[in-house]
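>
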Amino acid sequence: MISQGKNGLKNLILAVVLLVAAAACAQPEVPTDYFYRLRASMPEAPFSAPLLQGTVEVELSADGLVDGRNVIHSEASKPNELKEYHYHFWAEPPKIMVRDQLIAYLRAANVAPKVVTHEIRADPKYVITGKIKRLEKIVGDKPRAMVELEMALTETASGKLLILETYGIGADADSNTVAAAVAAIDKALSQIFARFVADIAKL
39 MISQGKNGLK NLILAVVLLV AAAACAQPEV PTDYFYRLRA SMPEAPFSAP
89 LLQGTVEVEL SADGLVDGRN VIHSEASKPN ELKEYHYHFW AEPPKIMVRD
139 QLIAYLRAAN VAPKVVTHEI RADPKYVITG KIKRLEKIVG DKPRAMVELE
189 MALTETASGK LLILETYGIG ADADSNTVAA AVAAIDKALS QIFARFVADI
239 AKL
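So, in structure tokens, the structure goes:
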């Protein structure tokens with residue numbers, strides 16, 4: 039009887055040890071990574087004739103956190119404090135995605151016969167350069183997104199600076215989710231592109 043009791047206690051202790059070991063080896067569930075692309079709305083109708091005669095080259099830049107692939111966010115009450123999401127990423131670097139969306143917009147608007155990137159090496163007549171200053175989700179009672187681009191248009195032959203403007207747009211988001219903020223960024227980009235094209239049309 040005593041022997042059976044000792045064996046039972048040993049078995050119980052062994053079972054507890056095995057359960058603790060199994061729990062220690064179990065890995066916590068890894069959070070899912072989310073990736074987002076930008077899709078600005080295109081102009082409703084193109085110009086009947088190109089605004090600029092000749093090839094246009096487009097290049098954008100970004101610095102610091104804006105140049106990274108982590109989606110950036112800030113709180114409405116702390117506008118100068120930026121944070122990165124750990125599991126929400128841009129599908130490509132923002133300067134590439136914004137550049138590609140701008141090129142698509144300029145082509146759709148018929149701003150020039152050809153709109154290309156620097157990699158094409160097409161001997162452009164005009165160069166559009168830009169810098170992404172803000173591209174962020176704003177968390178608060180009224181969720182928003184903020185986009186700010188500095189844009190310049192230069193005539194290559196003369197080096198003349200035709201346009202140099204900073205365009206900042208805040209767009210409301212449907213919710214505080216990252217997906218809603220990305221949709222708001224798309225809206226803001228479309229408005230900035232429209233303003234930039236309107237300035238080109240004034241030349």
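Numbering-wise (the working numbering), the sequence shown opens with residue 39 and increments by one. Note that the Cβ used here is the ideal one computed from N, Cα and C, for glycine as well.
Over what stretch of residues does the alpha helix (DSSP H) that includes Val235 continue unbroken?
Val216 to Ala239
> Using the Cβ count rule (16 or more neighbours within 10 Å means buried), how would you classify Ala217?
exposed
> Which full runs of the beta strand (DSSP E) of 3+ residues lie inside the segment 59-144, going along the chain?
72-74, 93-100, 108-113 and 116-128
> May I ask you to report which of helix, strand or coil DSSP gives Ala209?
It is a strand residue.
> Reducing DSSP to helix, strand and coil, say where Ile40 ends up.
Note that Ile40 scores a pLDDT of 48, beneath 50, so its modelled location is shaky and nothing firm can be said.
> Which residue's Cα is closest to the Cα of Arg77: Lys116, Ile134, Glu157 and Phe234?
Ile134
> Is the separation between the beta-carbon of Glu18 and that of Leu200 shorter than 8 Å?
Here the chain has residues from 39 to 241 only, and residue 18 is not among them.
> Out of Leu90, Lys175, Arg233 and Tyr143, which one is the CA nearest neighbour of Val104?
Taking only the C-alpha atoms, the option nearest Val104 is Lys175.
> In whole angstroms, what separates the C-alpha of Ala221 from that of Thr93?
C-alpha of Ala221 to C-alpha of Thr93: approximately 31 Å in a straight line.
> How would you call Met39, buried or exposed, if buried means at least 16 neighbouring beta carbons within 10 angstroms?
Residue confidence for Met39 is low, a pLDDT of 49 falling below 50, so the modelled location carries little weight; the figure read from the coordinates is stated next. Classification for Met39: exposed.
> Are three or more beta carbon pairs between the segment 141-161 and the segment 173-192 nearer than 8 Å?
no
> Glu119 to Met80, Cα distance in whole Å?
So the two alpha carbons sit approximately 33 Å from each other.
> Suppose contacts are defined by Cβ-Cβ distances below 8 Å. Is Ala183 in contact with Ala211 by that definition?
Contact annotation: Ala183 and Ala211 have beta-carbon atoms nearer than 8 Å.
> Assign Ala190 to one of three DSSP states: helix, strand, or coil.
strand
> Consult DSSP for Ala146 and reduce its assignment to one of helix, strand or coil.
helix
> Can you list, in chain order, the residues of its chain whose CB lies under 7 Å from that of Thr70, leaving out five sequence neighbours each side?
Tyr125
> Fully enclosed by the segment 148-182, which beta strand (DSSP E) runs are 3 residues long or longer?
152-155 and 164-177
> Measuring straight from C-alpha to C-alpha, what distance separates Ser228 and Tyr205?
11 Å
> Of the choices Thr215, Ile170, Val96 and Leu140, whose alpha-carbon is the least far from that of Ile158?
Comparing C-alpha distances from Ile158 to each of Thr215, Ile170, Val96 and Leu140 shows the shortest one belongs to Val96.
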